[in-house]
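> I am attaching a structure below and will ask some questions about it afterwards.
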Amino acid sequence: MPPGMNKRTLLIIDDERPLVEMLRKFFTTEGYEVVTAFDGDEGLRKAEQVKPHLILLDINMPKSGGIDFYSHICNKDLKSQYPVLVMTGRSHMEGLFQDLNADGFLAKPFRMDELARKVSAIIKKHYGEFPESKPVEREVKMHEKGQKILVVEDDIKTLDGIVTL
Numbered sequence: 006m007p008p009g010m011n012k013r014t015l016l017i018i019d020d021e022r023p024l025v026e027m028l029r030k031f032f033t034t035e036g037y038e039v040v041t042a043f044d045g046d047e048g049l050r051k052a053e054q055v056k057p058h059l060i061l062l063d064i065n066m067p068k069s070g071g072i073d074f075y076s077h078i079c080n081k082d083l084k085s086q087y088p089v090l091v092m093t094g095r096s097h098m099e100g101l102f103q104d105l106n107a108d109g110f111l112a113k114p115f116r117m118d119e120l121a122r123k124v125s126a127i128i129k130k131h132y133g134e135f136p137e138s139k140p141v142e143r144e145v146k147m148h149e150k151g152q153k154i155l156v157v158e159d160d161i162k163t164l165d166g167i168v169t170l
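Here the sequence shown stands for residues 6 to 170, numbered as in our numbering.
Given below as structure tokens:
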């Protein structure tokens, strides 16, 4: 499924569950569609399914780590299929990922505003500006008494699933 026209899709791959949940909540409130994975193997499956606009990738993870994951999403010229922002506590690895053409690098711990700026800049560089999603409103008559309710949702497919006329 390709990324939505109005939503920017992030894939967060990190084994630190509290961090992943915090990032998921933060970026969801910022208007992103967020998909998560807790190791490189799961990340590969999810990347294939959702085709994210950007991958936030940790390096040190169980099963398949970030370096292994990155090697799987690169072509023979070492160019990644997806934009990747590497997040790791191993700040000495920045040069390696610059050599591998990763789109960004952020050492842990980091500030959320710094991460948000990097994410926004990488997405803008690769895709330009995304249109802001605007809520769609529909009035629905209640069957019995002619009452109406107003349903507001910024994703038309979700709205169609909620409201059946």
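Note that CB positions come from ideal geometry on N, CA and C, so glycine has one too.
With DSSP run on the structure shown, which of helix, strand or coil describes Thr14?
Stepping through the sequence shown from its first residue, residue 14 is reached at position 9. The answer is strand: DSSP assigns Thr14 an E or B state.
> Is it buried or exposed, Tyr37, if we count other Cβ atoms within 10 angstroms and call 16 or more buried?
Numbered from 1 along the sequence shown, position 32 holds the residue referred to as residue 37. So Tyr37 ends up on the buried side.
> So which of Arg116, Met117, Glu35, Val91 has the shortest CA-CA distance to Leu61?
As a position in the sequence shown, residue 61 is number 56, starting the count at 1. Selected option, being the one with the closest Cα: Val91.
> Three or more C-beta pairs under 8 Å: does that hold for the region 78–89 against the region 41–59?
yes
> Mapping DSSP to helix, strand and coil, what is Phe31?
Working through the sequence shown from its first residue, we reach residue 31 at position 26. Reduced to three states, the DSSP call for Phe31 is helix.
> Could you tell me the distance, in whole angstroms, from the CA atom of Arg95 to the CA atom of Gly133?
Position 90 of the sequence shown, counted from the first residue, corresponds to residue 95. Position 128 of the sequence shown, counted from the first residue, corresponds to residue 133. The straight-line gap separating the alpha-carbon atoms of Arg95 and Gly133 is approximately 30 Å.
> Quick one, which of Ile72, Met117, Val124, Thr93 has its alpha-carbon nearest Asp46's?
Residue numbering aside, residue 46 sits at position 41 when the sequence shown is read from its first letter. In this structure, Ile72 is the residue among Ile72, Met117, Val124, Thr93 with its C-alpha nearest to the C-alpha of Asp46.
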